[in-house]
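S.K.: Dumping the structure here so I can ask a few things about it.
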Amino acid sequence: MGLFQIHLAKCWHLEFLDLCYNNLVGEIPKSLKALVSLKYLNFSFNKLIGEIPIGGPFLNATGQSFLSNDALCGDAKFNVTTCNICQTNVSPLKGHERISYYKIEQAIEGFNETNLLGNGSFCKVYKGILKDGTLFAAKVFNVQLESALRSFDIECEILRNLHHRNLTKVITNFSNLDFKALVLEYMPNGTLDK
Numbered sequence: 001m002g003l004f005q006i007h008l009a010k011c012w013h014l015e016f017l018d019l020c021y022n023n024l025v026g027e028i029p030k031s032l033k034a035l036v037s038l039k040y041l042n043f044s045f046n047k048l049i050g051e052i053p054i055g056g057p058f059l060n061a062t063g064q065s066f067l068s069n070d071a072l073c074g075d076a077k078f079n080v081t082t083c084n085i086c087q088t089n090v091s092p093l094k095g096h097e098r099i100s101y102y103k104i105e106q107a108i109e110g111f112n113e114t115n116l117l118g119n120g121s122f123c124k125v126y127k128g129i130l131k132d133g134t135l136f137a138a139k140v141f142n143v144q145l146e147s148a149l150r151s152f153d154i155e156c157e158i159l160r161n162l163h164h165r166n167l168t169k170v171i172t173n174f175s176n177l178d179f180k181a182l183v184l185e186y187m188p189n190g191t192l193d194k
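Position 150 (the sequence shown) corresponds to 150 in UniProt numbering; numbering is contiguous.
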């Protein structure tokens with residue numbers, strides 16, 4: 001975000017900040033958390049990346065403030081990808097940008113039962129298709145069960161340490177207090193060695 005970061009951080013009395021449609025790139029400056037007078041902010045329709053800051057004026061922000069910035073991550077209330085707590089060594093599939101929770105929810109039609117592939121004791125697995133035609137399986141963990149949370153952590157640890165050409169690729173993952181999921185490449189009626 002360059003030089004404007006330096007100048008904005010000194011605008012203590014700023015109340016409204018609308019930077020939508022400005023082709024901004026980079027991260028949202030964490031220094032903006034200090035702007036306690038800021039009542040409205042909008043970063044929509046830019047090319048921003050990284051974590052949405054926590055605290056200050058960001059506490060009252062909604063997903064409407066961050067629309068169409070597909071490489072942002074943060075709290076689920078912003079309808080962006082949850083920042084990876086579960087870091088895997090597998091990068092997203094080639095040609096794919098970071099995928100938000102909102103896009104996954106849309107592709108699965110709101111976690112509709114017609115897209116349910118399986119139901120286990122810790123999670124449900126849904127099939128979805130992204131707008132670019134990519135098929136995926138979303139393994140959604142039941143955050144009400146402590147054992148499901150442990151299972152999620154264990155699977156993340158395993159995926160972080162395993163590398164093999166016959167393993168399905170991890171597209172992304174989500175991890176926060178309200179939602180935990182692994183989004184994997186979907187393998188319809190086939191074997192992993194194809």
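From the three backbone atoms N, C-alpha and C, an ideal C-beta is built for every residue, glycine too. Quick caveat, the model's predicted, so the values are computed rather than measured.
1) Tell me which same chain residues have a C-beta within less than 7 Å of the C-beta of Ala107, skipping the five on either side of it?
2) Taking the C-alpha atoms as reference points, what is the distance between Pro57 and Ser65?
3) Could you give the distance in angstroms between the alpha-carbon of Gly55 and the alpha-carbon of Cys123?
4) Per DSSP, which residues does Tyr40 bridge with? Please list them.
5) Got a sec, what are the start and stop residues for the alpha helix (DSSP H) Ile158 sits in?
6) Grouping DSSP H, G and I as helix and E and B as strand, with all else coil, what is Leu3?
7) Taking Cβ positions, are Phe16 and Lys30 nearer each other than 8 Å?
8) In whole angstroms, give me the CA-to-CA distance for Ala148 and Asp132.
9) What are the boundary residues of the beta strand (DSSP E) that Glu185 is part of?
10) Start and end of the alpha helix (DSSP H) containing Lys30?
11) Along the alpha helix (DSSP H) that carries Glu105, what are the first and last residues, could you check?
12) For Ala181, count the other beta carbons within 10 Å of its own beta carbon; 16 or more makes it buried, fewer makes it exposed. Which is it?
13) Between the alpha carbons of Leu48 and Trp12, how many angstroms are there, rounded?
14) Which value, in whole angstroms, describes the spacing of the CA atoms of Phe141 and Phe179?
15) Which of the three DSSP states is assigned to Ser175 in this structure?
16) Would you grab the beta carbon distance between Tyr101 and Asn115 for me? Rounded to a whole angstrom, and I think it's under 8 Å.
17) Shortest alpha-carbon distance to Ala138 belongs to which of Ile104, Cys156 and Leu162?
18) If you drop the 5 nearest sequence neighbours on each side, which residues of the same chain put their C-beta closer than 7 Å to that of Phe45?
19) Would you mind reading off the limits of the beta strand (DSSP E) that contains Asn142?
M.R.: The answer reads as follows:
1) Gly128, Ile129 and Leu130
2) Between Pro57 and Ser65, the alpha-carbon positions lie close to 11 Å from each other.
3) 32 Å
4) Phe16
5) That run of the alpha helix (DSSP H) goes Glu146 to Asn161.
6) Below a pLDDT of 50, predicted positions are generally treated as unreliable, and Leu3, at 37, falls in that range; no measurement from the model is reported.
7) Their beta carbons are not under 8 Å apart, which means Phe16 does not touch Lys30 by this criterion.
8) 31 Å
9) Lys180 to Glu185
10) Per DSSP, Lys30 belongs to no alpha helix (DSSP H) and is neither H nor E.
11) From DSSP, the alpha helix (DSSP H) with Glu105 extends over Tyr101 to Ala107.
12) buried
13) 23 Å
14) 7 Å
15) strand
16) Contact doesn't hold; Cβ gap of about 16 Å is too wide.
17) Ile104
18) Cys20, Tyr21, Leu67 and Ser68, listed in sequence order.
19) Here Asn142 belongs to no beta strand (DSSP E), and DSSP marks it neither H nor E.
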